[in-house]
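Below is one structure; the comments refer to it alone.
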């Protein structure tokens, strides 16, 4: 579903949305059907609001900018499923988490 050009633009959109929340996007990568984000955000930011904003804004902008995706992949005018996974890295070194995200296989 996602080609490299889609992921490049999606990263730009998501970095922009994060500025409104004062959240740092440390690492971004994706595959053809999902993305991985490593974020650093203050405890007062509600993760659910951040995720909803990221999904809503990116879906809307991607549909506007890439009409070819609409024809083949969007159902009910949505890019994302309603679910997401978030995990805490706790004591894991940041370099290990970053390496995992970098090793994803983005589409050509």
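Residue numbers (my numbering): 57 to 164.
From the three backbone atoms N, C-alpha and C, an ideal C-beta is built for every residue, glycine too.
Predicted model, so just to flag it, every value in this text is computed and none were measured.
query = What three-state label does DSSP hand residue 86 in the structure shown?
reply = Reduced to three states, the DSSP call for residue 86 is strand.
request  = Evaluate residue 79 with the Cβ neighbour count: other Cβ atoms within 10 Å of its Cβ, from every protein chain shown; 16 or more gives buried, anything less gives exposed.
outcome  = Buried, since its Cβ has 16 or more Cβ neighbours within 10 Å.
key: Best match in 84, 65, 67 and 59 for proximity to residue 158 [C-alpha to C-alpha]   = Closest by alpha carbon: 84.
message = Which complete beta strand (DSSP E) runs does the region 103-131 hold, if anything under 3 residues is left out?
response = Listed in chain order, nothing qualifies, since the region 103-131 has no complete beta strand (DSSP E) run of 3 or more residues.
query = Alpha carbon to alpha carbon, what distance is there between residue 153 and residue 120?
reply = So the two alpha carbons sit approximately 32 Å from each other.
request  = Express the C-alpha separation of residue 113 and residue 89 in angstroms, rounding to a whole number.
outcome  = Taking C-alpha positions only, residue 89 is separated from residue 113 by approximately 18 Å.
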